[in-house]
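Colleague:
Numbering (UniProt numbering), first residue to last: 1 to 98.
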């Protein structure tokens with residue numbers, strides 16, 4: 001009879017039927033992915049905005065082509081260099097990076 005009491009005293013450990021921990025881990029990973037995706041989108045939109053502003057600045061600075069030609073001609077004449085329009089155009093294109 002002692003053996004019977006001992007076996008009754010041992011209660012098996014209760015295992016949960018559902019893995020709630022796994023569900024919560026998956027939800028956390030999903031939330032993390034959504035958060036970082038939104039942050040990446042914000043950063044990319046800021047970067048695009050800066051690129052557009054920089055592009056607009058370059059376009060406005062290139063509109064002074066006539067002034068650039070005159071400045072280059074003054075520099076070349078100051079050093080007594082014989083120049084042609086082709087040379088001036090080539091130097092200005094090089095300056096622009098074309």
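In this text, a Cβ means the ideal position worked out from N, Cα and C, and glycines have one as well.
Bear in mind that the values here come from a model prediction, so they are computed numbers and not experimental data.
#1: Return the CA-CA distance between residue 22 and residue 52, expressed in angstroms with no decimal places.
#2: So what does DSSP say about residue 79, is it helix, strand or coil?
#3: Can you tell me whether residue 97 is helix, strand or coil according to DSSP?
#4: Is the separation between the beta-carbon of residue 71 and that of residue 92 shorter than 7 Å?
Modeller: Once the coordinates are examined:
#1: The residue you call residue 22 lines up with position 22 of the chain shown. The residue you call residue 52 lines up with position 52 of the chain shown. So the alpha carbons of these two residues sit roughly 45 Å apart.
#2: As a working note, residue 79 is residue 79 in the chain shown. Coil at residue 79, not helix or strand.
#3: Start at 1 with the first residue of the chain shown, and residue 97 comes out as number 97. In this structure, residue 97 counts as coil in the three-state DSSP scheme.
#4: Stepping through the chain shown from its first residue, residue 71 is reached at position 71. Stepping through the chain shown from its first residue, residue 92 is reached at position 92. Result no, Cβ atoms of residue 71 and residue 92 do not sit closer than 7 Å.
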